[in-house]
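A.B. asks: Before I ask anything, here is the structure I am working with.
Protein chains: 2
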Amino acid sequence: MPYLLNQAADVTSREFEATYKAKYGMLRTEWRVVFHLGRYGSLTAKEICDRARVHKTKVSRAVHALESKKFLSRKTLPDDRRHETLSLTKTGSRVFADLCEQAQLFDAKLMAEFSKSERAMMRKFLIRVAKF
Amino acid sequence: MPYLLNQAADVTSREFEATYKAKYGMLRTEWRVVFHLGRYGSLTAKEICDRARVHKTKVSRAVHALESKKFLSRKTLPDDRRHETLSLTKTGSRVFADLCEQAQLFDAKLMAEFSKSERAMMRKFLIRVAKF
DNA sequence: ACTTGTTAGTTACAAAAGCAACTATTATTC
DNA sequence: GAATAATAGTTGCTTTTGTAACTAACAAGT
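Chains as they are written, first to last, in the working numbering: chain A, 1 to 132; chain B, 1001 to 1132.
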């Protein structure tokens, strides 16, 4: 089962990876960070680590890359100067919107051959396995 | 969906990875090669690449590593000296058997909370998505 | 207030993956 | 049958990831 999951994950993400790589020169982790910020609003790096289950060094590097691309900005919190909130810039939001749309299209295409109930079951299953 | 698949794949394979890493110092690709050889008998490196969807350099390196661990042996085919058939040694077979058992246990544990029909559906779904 | 511990994030170094060029062997085509 | 193309596998170099040690800021206990 892990093997099947890996294969499926690989096949599906490779394809979409090509999109954001070609369009914005983004890496997988960078897209994940953008996605989380776009979806959940401003977050700290730590929160992204926890939600996305990505190691903090990966997030740290992705944040630097995205910052230099002007896709996000950070602001140190005055009440605890260890934290910094990350938020998408206008450019970043546009990128997010664009890629989100692409992702949706991709997802729809992928799921087209399955019934509504199958899709629901799948989702439930994966969420359970992924321990969300 | 790709996101969910990735998370699920990650969670499940990390755990099992620890097993073969600790027991035999094997890397993910190495386990995959052993698995394919154990499951389908002797194969060439190319066949493993295609079946397991792994790049040939990764397979090449995994084969070297496994060879130096005496888990597999290779034999150049006389009729086409470009190919070499890979097969598990006795040690390799034992390793495969052991890890297979572990994998089965792990799988059973993972799937325990799902009904038979759910499992069957999942399997079907993943196979379809992974384009097998 | 000062040691001790924790938490957020970074950096440096090591391991692994990806990519492109290479060798050696066989197939093809003119 | 020589030239060209194709295939299996390897090697070297670059990029990405993983790990562990580090800095900086805060928290708690004594």
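Ideal Cβ placement from N, Cα and C applies to all residues, glycine included.
(1) Just the C-alpha distance for residue 985(B) and residue 1027(B), rounded to the nearest angstrom, thanks.
(2) I want to verify the contact list: residues of chain B whose CB lies under 9 Å from the CB of residue 104(A), in sequence order.
(3) Please list the residues of the segment 1108-1122 of chain B that have a C-beta atom closer than 8 Å to any C-beta atom in chain A, keeping them in chain order.
(4) List the endpoints of the continuous alpha helix (DSSP H) containing residue 1017(B).
(5) Taking the alpha-carbon positions, what's the residue 78(A) to residue 125(A) distance?
(6) If you draw a straight line from the alpha carbon of residue 10(A) to that of residue 1130(B), how long is it in whole angstroms?
(7) If distances are taken between C-alpha atoms only, which option among 21(A), 3(A), 20(A) comes closest to residue 1014(B)?
(8) In whole angstroms, what separates the C-alpha of residue 1127(B) from that of residue 1066(B)?
(9) At which residues does the beta strand (DSSP E) containing residue 1077(B) begin and terminate?
(10) To the nearest angstrom, how far is it from the Cα of residue 35(A) to the Cα of residue 1096(B)?
(11) Give a yes or no on whether 8 Å exceeds the smallest Cβ distance from residue 34(A) to chain B.
(12) Run through chain B and tell me which residues come within less than 8 Å of residue 5(A), C-beta to C-beta.
(13) Can you list the residues of chain B that residue 53(A) reaches, using a CB-CB cut of under 9 Å?
(14) Whole-angstrom Cβ separation of residue 73(A) and residue 60(A), contact assumed at under 8 Å?
(15) Give the secondary structure of residue 85(A) by DSSP, where H, G and I count as helix, E and B as strand, and everything else as coil.
(16) Any beta carbon from chain B within less than 8 Å of residue 96(A)'s own beta carbon?
(17) Less than 8 Å between CB atoms is the rule here; does residue 22(A) satisfy it with respect to chain B?
(18) Below 7 Å on C-beta distance, what does residue 131(A) contact in chain B?
(19) Using a Cβ-Cβ cutoff of less than 8 Å, which residues in the same chain neighbour residue 29(A) once the five nearest sequence positions on both sides are dropped?
(20) If you measure beta-carbon to beta-carbon, which residues of the segment 1047-1081 of chain B are closer than 7 Å to chain A?
(21) Note the first and the last residue of the continuous alpha helix (DSSP H) segment covering residue 1056(B).
(22) Return the first residue and the last residue of the alpha helix (DSSP H) that residue 1131(B) is part of.
(23) Going by DSSP, which residues form a beta bridge with residue 91(A)?
(24) Any idea which residues DSSP pairs residue 43(A) with across the strands?
(25) Using a cut-off of 8 Å between C-beta atoms, extract the partners of residue 26(A) located in chain B.
C.D. replies: Per the coordinate set shown:
(1) The requested residue 985(B) is not part of the displayed model; chain B covers only 1001 to 1132.
(2) What residue 104(A) touches in chain B: nothing, since even the nearest Cβ is about 10 Å away.
(3) 1110, 1111, 1113, 1114, 1118, 1121, 1122
(4) 1002-1024
(5) 42 Å
(6) 8 Å
(7) 3(A)
(8) 28 Å
(9) Segment: none, residue 1077(B) is in no beta strand (DSSP E) and carries neither H nor E.
(10) 40 Å
(11) no
(12) 1005, 1008, 1009, 1012, 1013, 1126
(13) 1007, 1010, 1011
(14) In fact, because the Cβ distance is near 16 Å, the residues do not count as touching under 8 Å.
(15) strand
(16) no
(17) no
(18) 1011
(19) 54, 58, 59, 61, 62
(20) 1053
(21) 1056-1068
(22) Run containing residue 1131(B): none; DSSP gives neither H nor E here.
(23) Bridge partners of residue 91(A): none, in fact.
(24) 86(A)
(25) Here the premise fails: no neighbours, minimum Cβ distance about 15 Å.
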